[in-house]
Amino acid sequence: MNCDRVQLLLNGYIDGELDLVNSLEIEAHLQGCTSCSRRYQELVALHTATNDVALFYSAPAGLEKRIRSSARKANPVPRAPQASQAARAWAMLSWRWFTPVVGLAGIVLIVVALFGRSWFAPSQETALAQEVQSAHVRSLMANHLTDVTSSDQHTVKPWFDGKLDFSPPVVDLAAQGFPLIGGRLDYLDGHPVAALVYQRNKHEINVFIWPSAGRSSGLFASTYHGYNLFQWDQSGMTYWAVSDLNPDELRSFVDLVRKSIG
Amino acid sequence: MSQEQNKLSSFEESLLPHLNAAYNLARWIMGNDQDAEDMVQEAYLRAYKYFTGYQGGNSRSWLLTIVRNTCYTWLRQNQPQVLSVDLNDEMYTSESDMLNPETLFQHSLNHQLVRSALAKLTVEFRELIILRELEGMSYKEIALITDIPIGTVMSRLARGRQRLKECLAQLIHEEGSHEL
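Now the structure itself:
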């Protein structure tokens, strides 16, 4: 073994990561080589300096208690995408006043009742839809559509292992005209998510997936800045599909995904 | 016991024993107590959220991965300059040649000096040394937590130690000239 190779492997040797054959060769080399032996001594000194409990920072008192209590408070809150109670009350009120005399006012009230929530304060869902739409646009703009490029679901799915603490379902829809292009890590709603990329003619579809606390839910459609979005919960995961594809085709894609996941 | 209570007690049982390891890693990544504490608390909340998806296995590695990701996410959003360092940049070698292993050994028990030298390293180097030396983790475990290939763990650790030696040499040099 020459000096270059020894110095390359010396850290692995110190850390006990080498196999027996390499370790023995290094030992033999160190016996007769002063420059490598000096390097070795340095590494031992650095190991002594850093492998020292005095450098360890222990958790402050009270942190454990705070974690226990915040975990207790963190019970999953079911999602509530329906109109709020206030909006429903408004709707009833407006019907009562819906006479020819106050017809116009009635219509205004109905419109407020139906859309007021999203006008006055963007709901959590709307904010998330915006976030999803920007993530989609970003993936197309930054030339960073996929981290793993493959049309094979058995390549894309294992790629996420070790990168996420959940395993997203990856379905193959090439036969139905929605070939898989690949997968990517993205960041939405405050945590890392899986992004699967499908294609329909020239249109890319991003499917974002992350674990959800809610039960399986129906489908929610929305449009944001000209992009169509579908959201649903299924088998413990939240799904967002987003594309500039027309709503009908995107809807049939979403139905295929939901059916394939089962 | 309800399902939620089961989850809670199993979460506490498997992850709270690693609180010190979690805090130590966060403290070395973030560089101060308050941020470290915030990150650890946030990481445990995330761990709790994903706990049903946790398949067993090494709970310490699993938790430390979440702690690290939480820290990095925060840094990326709030202090990107900390992470935007080029890991391949040239090493400065001026004083390092003047430091012989004996001098290094003499100073290796000076905790304050070693702490300061570690603090000078970039996060990517520092976390590897912490995981290896203070957590006693194997290259394989480190590779999983930091999401880099095993070969890179060894080469980056080698560069990190080289850099640490240079920082130590510089501090020893400064200390020496200060005393004179």
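Taken in sequence, the protein lines are chains A and R. Quick note: the first sequence, position 141, residue 141 per the numbering used here, numbers continuous. Quick note: the second sequence, position 79, residue 1079 per the numbering used here, numbers continuous. All residues carry an ideal CB built from backbone N, CA and C; glycine is no exception.
Please list, in chain order, all residues of the same chain as A195(A) whose beta carbon is under 6 Å from its beta carbon, the five residues on each side excluded. Result list for A195(A): R184, D186, N206 and F208, in chain order.
Please determine, among A175(A), E64(A) and Q130(A), the residue with the shortest C-alpha to C-alpha distance to A241(A). With respect to the C-alpha of A241(A), the residue from A175(A), E64(A) and Q130(A) having the closest C-alpha is Q130(A).
Could you pull out every unbroken beta strand (DSSP E) segment of at least 3 residues lying fully inside the segment 142-223 of chain A, listed in chain order? Fully enclosed beta strand (DSSP E) runs of 3 or longer: 180-188, 191-200 and 203-211.
Bridge-paired residues (DSSP) for S243(A): In the DSSP assignment, S243(A) forms a beta bridge with I205(A) and N228(A).
Is Y13(A) close to chain R? Criterion is C-beta to C-beta, closer than 8 Å. So, not an interface residue.
State yes or no: is the C-beta of A59(A) within less than 8 Å of the C-beta of L1019(R)? In contact: A59(A) and L1019(R) (Cβ atoms closer than 8 Å).
Beta-carbon of K65(A) versus every beta-carbon of chain R: anything under 8 Å? No, its Cβ sits nowhere closer than 8 Å to a Cβ of chain R.
Measuring straight from C-alpha to C-alpha, what distance separates K1007(R) and D4(A)? Their backbone Cα atoms lie some 52 Å apart in a straight line.
Less than 8 Å between the beta carbons of T1065(R) and I1145(R), yes or no? Their beta carbons are under 8 Å apart, which means T1065(R) touches I1145(R) by this criterion.
Using the Cβ count rule (16 or more neighbours within 10 Å means buried), how would you classify Q35(A)? As written in the sequence, residue 35(A) is Ser, which differs from the Gln given in the question. Looking at its Cβ environment, which holds fewer than 16 other Cβ atoms inside 10 Å, S35(A) is exposed.
How big is the Cα-Cα spacing for S973(R) and A1047(R)? Here chain R has residues from 1001 to 1180 only, and residue 973(R) is not among them.
Does the Cβ-Cβ distance between V257(A) and V171(A) come in under 8 Å? V171(A) is positioned such that its CB atom lies closer than 8 Å to that of V257(A).
Segment contact flag, the segment 227-245 of chain A with the segment 1020-1035 of chain R, C-beta cutoff 8 Å, min 3 pairs: At 8 Å Cβ cutoff, the stretches do not touch.
Rounded to whole angstroms, what is the Cα-Cα separation between G1031(R) and L1113(R)? Here the alpha carbon of G1031(R) sits roughly 15 Å from the alpha carbon of L1113(R).
Can you list, in chain order, the residues of its chain whose CB lies under 8 Å from that of S134(A), leaving out five sequence neighbours each side? The same chain holds no residue with a CB closer than 8 Å to that of S134(A) once the five nearest residues on each side in sequence are set aside.
D1038(R) CB to nearest chain A CB: under 8 Å? Output row for D1038(R): interface = no.
Quick one: complete alpha helix (DSSP H) runs, 4+ long, within the segment 1091-1148 of chain R? Runs found: 1101-1107, 1111-1120, 1123-1129 and 1139-1146.
Specify whether the segment 1052-1059 of chain R and the segment 1149-1157 of chain R touch according to this definition: at least 3 beta carbon pairs, one from each stretch, less than 8 Å apart. Flag = no, the segment 1052-1059 of chain R and the segment 1149-1157 of chain R do not touch.
Do we get a CB-CB distance below 8 Å when we pair M1154(R) with the residues of chain A? Output row for M1154(R): interface = yes.
For M237(A), the residue or residues it bridges with in DSSP: BP columns for M237(A) point to P211(A) and Q234(A).
Return helix, strand or coil for Y1050(R), following the three-state DSSP convention. Note: Y1050(R) maps to coil in three-state DSSP.
Which bits of chain A does S1108(R) rub up against, with CB to CB less than 7 Å? For a Cβ distance threshold of 7 Å, residue set A45, T48 and A49 of chain A lies close to S1108(R), ordered along the chain.
Please report whether the beta-carbon of P1101(R) lies at a distance below 8 Å from any beta-carbon of chain C. Annotation note: the requested chain C is absent from the structure, which comprises protein chains A and R.
State yes or no: is the beta carbon of F56(A) nearer than 8 Å to at least one beta carbon in chain R? By this cut-off, F56(A) is an interface position.
Please confirm whether A1158(R) has its beta-carbon closer than 8 Å to some beta-carbon of chain A. Yes, A1158(R) counts as interfacial toward chain A.
Go through its chain and collect everything with a Cβ distance to Y224(A)'s Cβ below 7 Å, but skip five positions before and after it. Within the same chain, and ignoring the five residues on either side of Y224(A) in sequence, the residues whose Cβ sits closer than 7 Å to its Cβ are A129, Q130 and Q133.
Give, in chain order, every residue of the segment 156-168 of chain A whose Cβ lies closer than 7 Å to some Cβ of chain R. If you check each beta-carbon in the segment 156-168 of chain A against every beta-carbon of chain R, the ones closer than 7 Å belong to G162, K163, D165 and F166.
From the DSSP output, in three-state form, read off W97(A) for me. Reliability fails at W97(A), whose pLDDT of 48 lies under 50, so the model's placement of it is uncertain and no value is given.
Spatially closest choice to T50(A) from G1176(R), E1175(R), E1174(R) and L1168(R), by CA coordinates: Ranking the options by Cα distance to T50(A), first place goes to L1168(R).
In three-state DSSP terms, what is Q977(R)? Chain R is shown only over 1001 to 1180; residue 977(R) falls outside these bounds and no answer can be derived.
Going by DSSP, what residue range makes up the alpha helix (DSSP H) through S1002(R)? Counted as a single uninterrupted DSSP element, the stretch harbouring S1002(R) is not any alpha helix (DSSP H), since DSSP gives it neither H nor E.
Do you know whose CA, among N1110(R), L1016(R) and I1142(R), lies nearest F1125(R)'s CA? Nearest in C-alpha terms to F1125(R), of all of N1110(R), L1016(R) and I1142(R), is I1142(R).
Rounded to whole angstroms, what is the Cα-Cα separation between A1036(R) and L164(A)? Their backbone Cα atoms lie some 22 Å apart in a straight line.
What three-state label does DSSP hand L30(A) in the structure shown? Three-state DSSP puts L30(A) in a helix.
Helix, strand or coil at P1017(R) [DSSP, three-state]: The answer is helix: DSSP assigns P1017(R) an H, G or I state.
Chain R partners of R5(A), CB-CB under 7 Å? Contact annotation for R5(A) against chain R: no contact, minimum CB-CB distance about 13 Å [criterion: below 7 Å].
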